[in-house]
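Every number in the working numbering is 5 more than the matching position in the sequence shown, counting from 1. C-beta: ideal position from N, C-alpha, C; glycine also. Everything numeric in this text was worked out from a predicted model, so none of it was measured.
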Amino acid sequence: MNGSACRDYALKYQLSDWTLFSATFPLQMASVKVAERLVPVREPVPPADPLAPGSQGYLVRALPVAEALSPIGVAGDYLRYVQLQYRHCVIDFRSSFEDYQKKFSSKTRSTINRKVRKYAEHAGGALSWKTYRTVDELREFLPLAREVARKTYQEKLLDAGIPESEWFVREMESLASQDQVRAYILFDRERPVSYLYCPIDDGTLIYAYLGYDPDYMKLSVGTVLQWLAVEQMFGEGRFRYFDFTEGESDHKRLFATHETLCANVLFLKNTFKNRILAHSHWWTGRFSGWLGDTLERFGVKAKVKKILRFNR
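(1) In the DSSP assignment, what are the bridge partners of M238?
(2) If contact is defined by three or more beta carbon pairs under 8 angstroms, each pair taking one atom from either stretch, is the segment 45-57 in contact with the segment 204-222?
(3) Spatial neighbours of S27 within its chain, please: C-beta separation below 7 angstroms, excluding the five flanking residues on both sides.
(4) Extract the residue ranges of the alpha helix (DSSP H) inside the segment 166-244, only unbroken runs of 4 or more that lie entirely within it.
(5) Note down, in chain order, each residue of its chain lying with its Cβ closer than 8 angstroms to the Cβ of K278, except the 5 sequence neighbours on either side.
(6) If I follow the unbroken alpha helix (DSSP H) through Q106, where does it start and stop?
(7) Beta carbon of R245, beta carbon of T209: below 8 angstroms?
(8) For L64 versus L266, is the C-beta spacing smaller than 8 angstroms?
(9) Exposed or buried, which one is K115 when buried takes at least 16 other CB atoms within 10 Å?
(10) Cβ of A268 within 8 angstroms of Cβ of L68?
(11) Excluding the 5 residues flanking D184 on each side, which residues of the same chain have their C-beta closer than 7 angstroms to its C-beta?
(12) Give the single residue among G59, V229, W287, F260 whose Cα lies nearest to the Cα of N118.
(13) Got a sec, what are the start and stop residues for the alpha helix (DSSP H) A67 sits in?
(14) Below 8 angstroms, how does it come out for the segment 31-44 and the segment 66-84: are there three or more Cβ pairs, yes or no?
(15) Expressed to the nearest angstrom, what Euclidean distance is found between the alpha-carbon atoms of D54 and G81?
(16) Using the three-state DSSP reduction, which class does D141 fall into: helix, strand or coil?
(17) Could you pull the DSSP bridge partners for Q90 from this structure?
(18) Tell me whether V302 sits in a helix, a strand or coil according to DSSP, three-state version.
(19) Please report the Cβ distance between M238 and F98, rounded to the nearest whole angstrom; I am assuming they are in contact, meaning their Cβ atoms lie under 8 angstroms.
(20) In the DSSP output, which residue or residues are listed as bridge partners for T24?
(21) Contact check, A188 vs C203 under 8 angstroms by CB: the rounded distance?
(22) Give the secondary structure of A35 by DSSP, where H, G and I count as helix, E and B as strand, and everything else as coil.
(23) Note down the Cα distance separating F315 from T157, rounded to an integer number of angstroms.
(24) Are the Cβ atoms of L32 and S60 separated by less than 8 angstroms?
Okay, here's the thing in structure tokens:
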């Protein structure tokens, strides 16, 4: 595991795409790097680090598990809350791009190549895209990426587009000065339409921010840029993995070479308040899932999500 800093962590109580409220815990945080994964665990245990003053416990992200875990249990003196379980998607670069393409069925390869050709035709017959890695290049990249981000549902609804804060800029430029970041933009002539931003941690590219202009959704610009970027990543020959981070999506599963069942596990002081917060968070999630399934059954979920994404 890497990191054990004590930071505030918010459990968000959400109903569909609305955040009702959040509960904040000061937690010591760690995550399991892709390269550190050995044997998946059956019974997660808290880290051995001593509990810092004021800390309510630990959050361990991307912990490989042998099987699905019960959501709430006890681990020693701690309440164990499995906040998220997911198939963690990874690209293994320890081969060639030619070998990587063999993981796709002939039908899928044909579909991806057709999307690339279709976009090239739309853009005037040639693909226009760029890689950014130096400090000066990243300074050029960020305003272009922000131009796209302001149009995305991640920005409008979740405030999760690529940031432009002073802290983020300092971090980005520090990484660039050490050759520890890659960023990419796909253009429609001069107009940026999709971006991808990937810090590098111990030879692993981290899928930090991806966004695309919703006007170009039917042209699959996110898929096109990811394909072009992955080919270049293989070509550099210096990376071990591409880490799609937590959560699942068709996009991640499409490009991944490996999937591992992982969990984000909170080990909280076993107090009455923390038990109430953990159980209520779990039940809120269950109800939110039921609501989403109900909207899907009545055929209105996609319409509601579209309204939420693009009209707020």
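Quick look at the numbers:
(1) Bridge partners of M238: none, in fact.
(2) no
(3) A15, L16, K17, Y18
(4) 171-182, 226-241
(5) none
(6) 102-106
(7) yes
(8) no
(9) Checking the displayed sequence, the identity of residue 115 turns out to be Ser instead of Lys. Flag for S115 reads exposed.
(10) yes
(11) R138
(12) V229
(13) First-last for A67: 62-69, but that is the beta strand (DSSP E), not the alpha helix (DSSP H).
(14) yes
(15) 14 angstroms
(16) helix
(17) A268
(18) For the record, residue 302 in the displayed sequence is Arg; it is not Val. Correct three-state label for R302: helix.
(19) 6 angstroms
(20) Q19
(21) 7 angstroms
(22) strand
(23) With a pLDDT of 49 at F315, under the threshold of 50, the modelled position of that residue is not reliable, and no figure is offered here.
(24) yes
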